[in-house]
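Residues -2 to 93 in the numbering used here are what the sequence shown lists, from first letter to last. What follows is a short report on a single structure.
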Amino acid sequence: MVYLGKEIIFKQCNKCKIIKDINEFHRYKRGYGNTKPACKECENNTKVRRDTPLELVEINNVVIELKKCSSCSESKILEKFREGGRPGNKISVCLD
Ligand SMILES: [Zn+2]
Ligand SMILES: [Zn+2]
């Protein structure tokens, strides 16, 4: 952490361990120095990895989104999954 007066200007990312300009971190009220602990680059990477990719299938000219269950490994329609903590987020294990 490098301070300039009271302001942090460089901060070490807790994921890639690279010391970066504070502008490389997303603003975050509850974070250290009002920024997130991981840099934008790492944040983006984890987001991509965390989301279970949806499969698109076309049945009778209607495109249906399928999600793979992490328990039974079957691809099922989104309705088979419970809503996650945040709106729009679905738990990755099906209801069956
Ligand atoms: Zn990083
Ligand atoms: Zn399942």
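Every residue, glycine too, gets a C-beta built ideally from N, C-alpha and C.
Just to check, is the beta-carbon of residue i closer than 7 Å to a non-hydrogen atom of ligand 1?
i: Lys12; result: yes
i: Ile16; result: no
i: Glu62; result: no
i: Glu52; result: no
i: Glu38; result: yes
Residues in the same chain with beta-carbon distance under 6 Å from residue i, minus the five sequence neighbours each way, listed in chain order, please.
i: Val60; result: Leu53
i: Ile16; result: Phe7 and Gln9
i: Gly81; result: Lys87 and Ile88
Are there 16 or more other CB atoms within 10 angstroms of the CB of residue i, so buried, or fewer, so exposed?
i: Phe7; result: exposed
Excluding the 5 residues preceding and the 5 following residue i in the sequence, name in chain order all residues of the same chain whose CB lies nearer than 8 Å to its CB.
i: Leu92; result: Lys77, Phe78 and Arg79
i: Asn31; result: Arg24 and Tyr25
Nearer than 7 Å: is that true of the beta carbon of residue i relative to any heavy atom of ligand 2?
i: Glu71; result: yes
i: Val90; result: yes
i: Cys66; result: yes
Can you name, in chain order, every residue of its own chain whose Cβ lies under 7 Å from the Cβ of residue i, other than the five neighbours on each side?
i: Leu75; result: Glu62, Lys64 and Lys87
Check: Are the region 63 to 72 and the region 32 to 40 touching, with three or more C-beta to C-beta distances below 8 Å?
Finding: no
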